[in-house]
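Working notes for the structure below.
Number of protein chains: 2
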Amino acid sequence: MRPNRPVVLDSFRKPAFLKRMRDAKPNKEKSPKKPAAAERPAGVRRPDAARIPGASVHGSLASEIGLRIVRGDYPPGTILPNEAKWSETFSVSRSAVREAIKMLMAKSLLASRPKIGSWVEPKERWNLLDRDVLAWYATSPDREVFLKTVQEFRHIIEPEATAFAAMRRTGEQMAEISQACREMGAATSLQERTRADTRFHLAILRASGNDLLVPLGVLIESAFDHLFAYTTRAVDDLNHAQKLHEAIEKNIRLQRPDAARAAVRKLLANTDHVIKSR
Amino acid sequence: MRPNRPVVLDSFRKPAFLKRMRDAKPNKEKSPKKPAAAERPAGVRRPDAARIPGASVHGSLASEIGLRIVRGDYPPGTILPNEAKWSETFSVSRSAVREAIKMLMAKSLLASRPKIGSWVEPKERWNLLDRDVLAWYATSPDREVFLKTVQEFRHIIEPEATAFAAMRRTGEQMAEISQACREMGAATSLQERTRADTRFHLAILRASGNDLLVPLGVLIESAFDHLFAYTTRAVDDLNHAQKLHEAIEKNIRLQRPDAARAAVRKLLANTDHVIKSR
DNA sequence: GAACGCAATATTGTCTGACAATACACGTCA
DNA sequence: TGACGTGTATTGTCAGACAATATTGCGTTC
Chain L
1185 MRPNRPVVLD SFRKPAFLKR MRDAKPNKEK SPKKPAAAER PAGVRRPDAA
1235 RIPGASVHGS LASEIGLRIV RGDYPPGTIL PNEAKWSETF SVSRSAVREA
1285 IKMLMAKSLL ASRPKIGSWV EPKERWNLLD RDVLAWYATS PDREVFLKTV
1335 QEFRHIIEPE ATAFAAMRRT GEQMAEISQA CREMGAATSL QERTRADTRF
1385 HLAILRASGN DLLVPLGVLI ESAFDHLFAY TTRAVDDLNH AQKLHEAIEK
1435 NIRLQRPDAA RAAVRKLLAN TDHVIKSR
Chain D
1185 MRPNRPVVLD SFRKPAFLKR MRDAKPNKEK SPKKPAAAER PAGVRRPDAA
1235 RIPGASVHGS LASEIGLRIV RGDYPPGTIL PNEAKWSETF SVSRSAVREA
1285 IKMLMAKSLL ASRPKIGSWV EPKERWNLLD RDVLAWYATS PDREVFLKTV
1335 QEFRHIIEPE ATAFAAMRRT GEQMAEISQA CREMGAATSL QERTRADTRF
1385 HLAILRASGN DLLVPLGVLI ESAFDHLFAY TTRAVDDLNH AQKLHEAIEK
1435 NIRLQRPDAA RAAVRKLLAN TDHVIKSR
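Below is the structure:
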């Protein structure tokens, strides 16, 4: 009764022969992690896995599995343990596992087929610019390299974005930028300052008038998180940086694209220097 | 017996008061879509919703809902119909709905809380650089604007990425680039040519040595999809473009960053021109 | 002995039904 | 009028079952 199966034009990406690592535990040995949990008292649930209290089960699961993948426990091409296995490992229902896996599939970390299982997609498919993936990615290799990569990316993006902002910002967008800049100067704690700093750069991205630049804000947030956590800054450093920010604000306000671009380049060079002398 | 609930430090993002559109149908009226489906004969399932044969139910659902959101049927802040409603609307189980919603949550299109429901996140949170979101986004506004935005983005990214590639490409990466370039020249159909073209640009991104540039390949793919679909190109156009590509390939091969960057700028200018005279 | 076809099988996909956790909404009471 | 407790709607989680599917290995045939 079903109509003829239409021919799929696009050539199917066959999973080919994927490495079998089905029951292989992740590289690190975690044997003593589940001590005498067998026959745990009834009523006590979920003895394993970091259960963050405020978070949902599937959310935590997705983080756990996602982190493992990005960290390299399951290299691309590897077939993951099946859903039942995860379910057992973490003492959660299969539904929760499936929802977690669906989230990772949405980020292109995984793909799956019936009878095959779920496998790790090649790294170039990963959506590294996703907020979560980026966070996982940021924790795994040495932060040094990560920060360098992000910073390099900022060099590519931000000068041009700022130039566009100088050309196209609306009054409202300008107000956001100016306010963030002012709040940076008025901040009394480094944390407060960093927050304002982040808002400043994000506001510029939004003002650039190119929708596709906005999602790159996660990179800036990530960079600042790490900068905040791993660098301490002297007072005159901060004063100098503040002046650089104000120069950017001014040039956007006066709608001078080239000057704005140059000002951002200066700021980034300054940031580079701070990182290097970390 | 549960330990005291730890204080959540990070200030909670309260959903505040979200617009209530729970039972509001999407803007477009679709009333006569479900004709006399009441009491459908047993065994016949899923009369509603585009059921793409090869795709999974949750996948199709995610596409359908995601498209509606990106298209603007449910503006940011809107609370979506609840899971039971979707389940009924599309005649699928709640599990399928939930998995679809989880996928959209992973792309930051949605967020949800018990008792509240799922609401559309503010647009600046959307992960527009996600392959699916981008595809949905590409269909909704007039393509003109979309293509312009993507093209502008390419102007920001590709020259710098190519310069980096010229500095850091490995031999293997160079081989990929060269091969794609050759295949472009040898292509016998426009489709084949476009595929090789895409591969060429993606290979350059990979060769840039910056992991964060790689996911931007989806933009290039998207741009080429649309260029392929909406422009026809004359033969000497193609010859000219081929020479521009070969210039890029050569400069990467000879490791001349500045020349490579300039060559890419030329190619992009040419593409701009093709688009304008579309 | 090799090639082909077919069935067994393992895994994801989907459905159903139930209960828990939660936070808004309302009515009650001081 | 305001504070407080209760009702209730919605997502979150669980459990168990069956369907769909593609690989794997076996058997059959040439």
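Here the protein sequences line up with chains L and D, keeping their order.
Taking the numbering used here, the leading residue of the first sequence gets 1185, the next gets one more, and so forth.
Taking the numbering used here, the leading residue of the second sequence gets 1185, the next gets one more, and so forth.
Built from N, CA and C at the ideal position, the CB exists for glycine as well.
Closer than 9 Å to chain D by CB, residue i
i, result
"L:SER1195", "Note that L:SER1195 scores a pLDDT of 31, beneath 50, so its modelled location is shaky; the value from the coordinates is reported in the next line. It does not; no Cβ of chain D falls within 9 Å."
"L:LEU1452", "no"
"L:ASP1442", "no"
"L:TRP1270", "no"
"L:HIS1429", "no"
"L:ILE1340", "yes"
"L:ARG1230", "Low local confidence applies: a pLDDT of 39 at L:ARG1230 is under 50, so the model's placement there is unreliable, with the coordinate-based value given in what follows. So no, L:ARG1230 is outside the interface."
"L:PHE1408", "no"
"L:PHE1384", "no"
Check whether residue i and residue j have beta carbons under 9 Å apart
i, j, result
"L:ARG1282", "L:GLU1267", "yes"
"D:ALA1367", "D:ARG1353", "In the sequence as presented, Ala is not what sits at residue 1367 of chain D; that position holds Glu. No, the Cβ-Cβ distance between D:GLU1367 and D:ARG1353 is not below 9 Å."
"L:ALA1465", "L:ALA1444", "The question about residue 1465 of chain L has no answer here: the residues shown for chain L are numbered 1185 through 1462."
"D:ILE1285", "D:LEU1294", "yes"
"L:LEU1396", "D:THR1323", "no"
"L:ALA1413", "L:LEU1428", "no"
"L:HIS1410", "L:ARG1315", "no"
"D:ALA1359", "L:LYS1291", "no"
"D:ASN1394", "L:PHE1408", "no"
"L:ARG1377", "L:TRP1320", "no"
"D:ALA1370", "D:GLN1357", "no"
"D:ILE1436", "D:ILE1361", "yes"
"L:SER1406", "L:LEU1318", "yes"
"D:ARG1417", "D:LEU1386", "no"
"L:PRO1306", "L:GLY1355", "no"
"D:HIS1339", "L:GLU1344", "yes"
Within chain L, the residues that residue i reaches when beta carbons sit closer than 8 Å
i, result
"D:MET1287", "LYS1286, MET1287, MET1289, ALA1290"
"D:ASN1435", "Within chain L, no residue comes near D:ASN1435; the closest Cβ sits about 18 Å away, beyond 8 Å."
Simplified DSSP state of residue i, which is helix, strand or coil
i, result
"L:ARG1297", "strand"
"D:TRP1310", "coil"
"L:ALA1453", "helix"
"L:ALA1370", "helix"
"D:THR1382", "helix"
"D:SER1279", "helix"
"L:SER1302", "strand"
"D:ARG1206", "Residue placement at D:ARG1206 is flagged as unreliable, the pLDDT there being 44, under the threshold of 50; a coordinate-derived value is accordingly withheld."
Residue i: contacting residues in chain D (beta-carbon distance under 7 Å)
i, result
"L:SER1302", "Near L:SER1302 there are no residues of chain D at all, since even the closest Cβ is about 13 Å away, more than 7 Å."
"L:ASP1395", "LEU1312, THR1333"
"L:ARG1390", "GLU1308"
heavy atom of the ligand MN below 8 Å from residue i C-beta
i, result
"D:GLU1360", "Ligands displayed in this structure: none; no statement on the ligand MN is therefore possible."
Proximal chain D residues relative to residue i, where beta-carbon distance stays under 9 Å
i, result
"L:ILE1263", "The contacting residues do not exist; L:ILE1263 stays about 19 Å from chain D at best."
Min CB distance residue i to chain L below 9 Å
i, result
"D:ALA1246", "yes"
"D:LYS1198", "Residue confidence is low: D:LYS1198 scores 38 on pLDDT, short of 50, so the model does not pin down where it sits. Its coordinate-derived value is still stated next. With 9 Å as the cut-off, D:LYS1198 does not count as an interface residue toward chain L."
"D:ARG1255", "no"
"D:ARG1282", "yes"
"D:LYS1308", "Reading the sequence as shown, one finds Glu at residue 1308 of chain D and not Lys. Answer yes: the Cβ-Cβ gap between D:GLU1308 and chain L drops below 9 Å somewhere."
"D:LEU1128", "Outside the modelled stretch of chain D, which goes from 1185 to 1462, sits residue 1128 of chain D, for which no answer is possible."
"D:ALA1226", "For D:ALA1226, the predicted structure reports a pLDDT of 34, less than 50, and the residue's modelled location is therefore unreliable. The matter cannot be settled from this model."
"D:PHE1274", "no"
"D:PHE1348", "yes"
"D:TYR1321", "yes"
Chain-ordered neighbours of residue i on chain L, where CB pairs are closer than 7 Å
i, result
"D:SER1279", "SER1279"
"D:GLU1344", "ILE1340"
Contacts that residue i makes with chain L (C-beta to C-beta distance below 9 Å)
i, result
"D:ASP1314", "ALA1290, LYS1291, SER1292, ASN1311, LEU1313, ASP1314, PRO1399"
Under 8 Å by beta carbon: chain D residues contacting residue i
i, result
"L:HIS1242", "LYS1286"
"L:PHE1337", "ASN1394, LEU1396, LEU1397"
So, does the stretch 1257-1276 of chain L touch the stretch 1268-1285 of chain D, judging by three or more C-beta pairs under 8 Å? Output reads no: the stretch 1268-1285 of chain D does not touch the stretch 1257-1276 of chain L.
On the three-pair Cβ rule with 8 Å, is the stretch 1417-1425 of chain L touching the stretch 1384-1392 of chain L? Result no; under three Cβ-Cβ pairs closer than 8 Å.
Taking 8 Å as the threshold, find out whether the stretch 1425-1437 of chain D comes into contact with the stretch 1445-1452 of chain D through three or more Cβ pairs. Because the criterion of three Cβ pairs below 8 Å is met, the stretch 1425-1437 of chain D and the stretch 1445-1452 of chain D touch.
Counting beta carbon pairs with one atom in the stretch 1300-1318 of chain D and one in the stretch 1394-1409 of chain L, are three or more of them shorter than 8 Å? The stretch 1394-1409 of chain L is in contact with the stretch 1300-1318 of chain D.
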